[in-house]
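For the sequence shown, counting from 1, position 248 maps to 248 in the numbering used here; every step adds exactly one.
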Amino acid sequence: MATTKTLLMIAFEFPPGNGASVPRIESFYRYLKQWGWKVVVLTANPQAYERVNPDYQDTEDDLVYRTFALDAPRHLSIKGKYIAASATPDRWGLTWIPSALNKGRQLVKKYQPDVIWSSSPIPSTHFIANKLSQKHGIPWVADYRDPFHYMNGSAGPKLDKIHKKIDQNTLTNADHLTFATEQVKELYQDKYGNLVTDKSTVIENGFDEANFAKLETLTNKSTPFTKDKFSLYYSGVLYPHGRDPRPVFDTISELSTQGVIGADNFELVFQGAGDGTEFQDYITEKNIESLVSFVEPVPFLNALNNMMHADALLLIQDSRFNKQIPGKIYEYLRTQRPMLVKADPEGATYQVAAGFDKVYNGYNTGELQEALTSLLKLNQSEEIARDVNRFNREAKAKQLLDVINSIN
């Protein structure tokens, strides 16, 4: 009888955390368990997360260890200000690193893992994994969902220096590297050469068919949409410089002025993007307050249910993030709902979306106006049948399993 293999998974984000990265991590965890691995999770206590799923509960066979972690801006600030050193190497590292290392040493002794797996871009995760891997001689797979900040911009000279050091140790000491996009892999390859080229695999994000199956038994199936209106839905965060909705607002304003849409027949609903305060003046200036709303975030399955019931889905990914692909694009594609994608044609997101049925792309206001106009003319009863099987998370987890098996 084969001996059960053990994986120590080091991930800051894990349920009940409700962030965008959780589905990738949780699906790897679940499928590896299904395939006979003992998976031990080292993560943070829920108070470290800004959003949690209140309905989540561990099962009896879960081996999840949550250690002390505080979020510097929320827990260590006085009158809204906090010492910069308390957010080193990231907002949670000052408290999470020592608690996680202490617990990690205990877990290594107790479970004797065959492999360590860690997931960034939060630098603390790879820092912790490197320490444990080096001390105990355990093979290590380092997962890069996104590049570290200094690869795309700057977090300031001091943090950039710290992040580069953690990155260099990770790239040198990890036995294998995985990247969520080919473009992020190439970014690291261009800078670090053979450290990346000789031991890396691209494992994209995807959708989990098991989550779509769970919608059948979802207790609360209410949505934020208004009956008899065309509901355009955006799920996730916004950034003024990276996921900027203002060209979309310009488009809506122009179509409203033309009489194509109005408060009686159209709504754009943002969920998980805060309360929209930073965009409120712009929305008012464009006279579209009655067309745009920001609603409270909901757990992932409820958001997935909303995607399934929206008339169309909005995705925004600007040129600053050209090498990254938001994970929700795969859920969007799987819903078989029409999509409006605001993405740079040179970017990875556009390249994934382009060519799929009923996906309308635009980047500037003129292109977006043409795209949204076409979308509004669609026959909503017309079936969409995109072939998205290659994005199934089970297949992605199998890729990770192959990587893990190759190094132990």
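The C-beta atom is built at its ideal place from N, Cα and C for all residues, glycine as well.
CB contact flag (K396, L301, <8 Å): As a first step, residue 396 is located in the sequence shown; it is residue number 396 there, counting from the start. As a first step, residue 301 is located in the sequence shown; it is residue number 301 there, counting from the start. Against a cut-off of 8 Å, the Cβ pair of L301 and K396 comes out as no contact.
Looking only at C-alpha atoms, which of H309, G153 and S293 sits nearest to S222? On the sequence shown, residue 222 is found 222 positions in, with the first residue counted as 1. Ranking the options by Cα distance to S222, first place goes to H309.
Does the stretch 143–161 come within contact of the stretch 170–190, defined as at least 3 CB pairs closer than 8 Å? yes
Output the boundary residues of the alpha helix (DSSP H) element that contains D433. With the chain covering only 1 through 408, there is no way to say anything about residue 433.
State yes or no: is the C-beta of F28 within less than 8 Å of the C-beta of S124? By 1-based counting over the sequence shown, the position of residue 28 is 28. By 1-based counting over the sequence shown, the position of residue 124 is 124. No, Cβ-Cβ distance for F28 and S124 is not below 8 Å.
Note down, in chain order, each residue of its chain lying with its Cβ closer than 7 Å to the Cβ of R24, except the 5 sequence neighbours on either side. What you label residue 24 is simply residue 24 of the sequence shown in a count that begins at 1. Hits under 7 Å: R145, N205 and G327.
Straight-line CA distance for L376 to Y188? Sequence index remark: in the sequence shown, residue 376 carries index 376 (1-based). Sequence index remark: in the sequence shown, residue 188 carries index 188 (1-based). Cα to Cα, the separation comes out at about 41 Å.
Give the secondary structure of F68 by DSSP, where H, G and I count as helix, E and B as strand, and everything else as coil. Counting from 1 along the sequence shown, the entry for residue 68 is found at position 68. If DSSP states are grouped into helix, strand and coil, F68 belongs with coil.
Fully enclosed by the stretch 348–377, which alpha helix (DSSP H) runs are 4 residues long or longer? 348–353 and 365–376
Who are K342's beta bridge partners in DSSP? Indexing the sequence shown from 1 puts residue 342 at position 342. Answer by DSSP bridge pairing, in chain order: I316 and G362.
Cβ contact (3+ pairs, closer than 8 Å) linking the stretch 191–200 and the stretch 229–238: no
Who are A44's beta bridge partners in DSSP? On the sequence shown, residue 44 is found 44 positions in, with the first residue counted as 1. According to DSSP, which records beta bridges pairwise, A44 is partnered with T67.
Presumed contact (8 Å Cβ cut-off) between A343 and Y350, rounded CB distance: Numbered from its first residue, the sequence shown carries residue 343 at position 343. Numbered from its first residue, the sequence shown carries residue 350 at position 350. Confirmed, Cβ separation roughly 4 Å.
Does the stretch 154–161 come close enough to the stretch 292–301 that 3 or more CB-CB pairs lie under 8 Å? no
Backbone secondary structure at W140 - three-state DSSP: In the sequence shown, counting from the first residue as 1, residue 140 sits at position 140. Strand at W140.
With a floor of 4 residues, list each alpha helix (DSSP H) that falls wholly inside the stretch 151–213, ordered by position along the chain. 157–173, 182–192 and 194–197
Please name the residue in S256, Q271 and D387 whose C-alpha comes closest to that of D264. On the sequence shown, position 264 is the one that residue 264 refers to. Nearest C-alpha to D264: S256.
Using a Cβ distance threshold of 8 Å, determine whether the stretch 117–132 contacts the stretch 156–174, with at least three qualifying pairs required. yes
What's the gap between the Cα of M1 and the Cα of L132? Residue numbering aside, residue 1 sits at position 1 when the sequence shown is read from its first letter. Residue numbering aside, residue 132 sits at position 132 when the sequence shown is read from its first letter. With a pLDDT of 44 at M1, under the threshold of 50, the modelled position of that residue is not reliable, and no figure is offered here.
What's the call for L268, buried or exposed, on a 16-neighbour Cβ count within 10 Å? The sequence position of residue 268 within the sequence shown is 268, counting from 1. Flag for L268 reads buried.
Rounded to whole angstroms, what's the CA-CA distance from A385 to Q336? Just pull it up for me. Mapped onto the sequence shown, residue 385 falls at position 385. Mapped onto the sequence shown, residue 336 falls at position 336. For A385 and Q336, the distance between alpha carbons rounds to 6 Å.
Beta carbon of P345 nearer than 8 Å to that of A312: Stepping through the sequence shown from its first residue, residue 345 is reached at position 345. Stepping through the sequence shown from its first residue, residue 312 is reached at position 312. No, these two residues do not count as a Cβ contact at 8 Å.
Provide the residue span of the alpha helix (DSSP H) that contains V403, from first to last. Along the sequence shown, read from residue 1 onward, the residue named residue 403 stands at position 403. Element bounds for V403: R393 to S406.
Quick test of your reading: L401 and W35, contact by CB under 8 Å. State the CB separation rounded to the nearest angstrom. Along the sequence shown, read from residue 1 onward, the residue named residue 401 stands at position 401. Along the sequence shown, read from residue 1 onward, the residue named residue 35 stands at position 35. Right, their Cβ atoms sit about 6 Å apart.
Alpha carbon to alpha carbon, how far is L159 from G137? Give it in angstroms, no decimals. If you number the sequence shown from 1, residue 137 lands on position 137. If you number the sequence shown from 1, residue 159 lands on position 159. Rounded to whole angstroms, G137 to L159 spans 28 Å at the Cα level.
Quick one: what's got a C-beta closer than 7 Å to T251's C-beta in the same chain, skipping five residues either side? Locating residue 251 in the sequence shown gives position 251, counting from the first residue. Once the five neighbours on either side are set aside, the close Cβ partners of T251 are T365, L368, Q369 and L372.
Okay, do the stretch 66–78 and the stretch 314–322 touch, 3+ Cβ pairs below 8 Å being the bar? no
Within 8 Å, do at least three Cβ pairs link the stretch 77–85 to the stretch 54–61? no
With a threshold of 8 Å on Cβ separation, who are the neighbours of N18 within its own chain once the five nearest residues in sequence on each side are excluded? What you label residue 18 is simply residue 18 of the sequence shown in a count that begins at 1. Same-chain partners within the cutoff: Y49, R51, V52, N53, P297, P299 and F300.
In or out: N130 buried (at least 16 other Cβ within 10 Å) or exposed? The residue given as residue 130 occupies position 130 in the sequence shown. So N130 ends up on the buried side.
Among residues of its own chain, excluding the 5 on either side of V22, which ones have a beta-carbon nearer than 8 Å to its beta-carbon? Sequence index remark: in the sequence shown, residue 22 carries index 22 (1-based). Taken in chain order, the residues that qualify are E13, F14, P15 and F300.
Would you kindly work out how many angstroms separate the C-alpha atoms of L101 and I261, rounded to a whole number? Counted from its first residue, the sequence shown places residue 101 at position 101. Counted from its first residue, the sequence shown places residue 261 at position 261. L101 and I261: Cα-Cα distance of roughly 56 Å.
Which one or two residues does DSSP pair with R390 in a beta bridge? Along the sequence shown, read from residue 1 onward, the residue named residue 390 stands at position 390. R390 is not bridged to any residue.
State the start and end residues of the unbroken beta strand (DSSP E) segment that holds I116. Taking the sequence shown and counting its residues from 1, the one referred to as residue 116 is at position 116. It spans V115 to S120 - the beta strand (DSSP E) in which I116 sits, taken as one unbroken run.
Smallest Cα separation from T277: which of M307, E209 and L238? Here residue 277 refers to the residue found at position 277 when the sequence shown is read from its first residue. For the residues M307, E209 and L238, the minimum Cα distance to T277 belongs to L238.
Straight-line CA distance for A273 to R30? As a working note, residue 273 is residue 273 in the sequence shown. As a working note, residue 30 is residue 30 in the sequence shown. When rounded, the distance between both Cα atoms is 28 Å.
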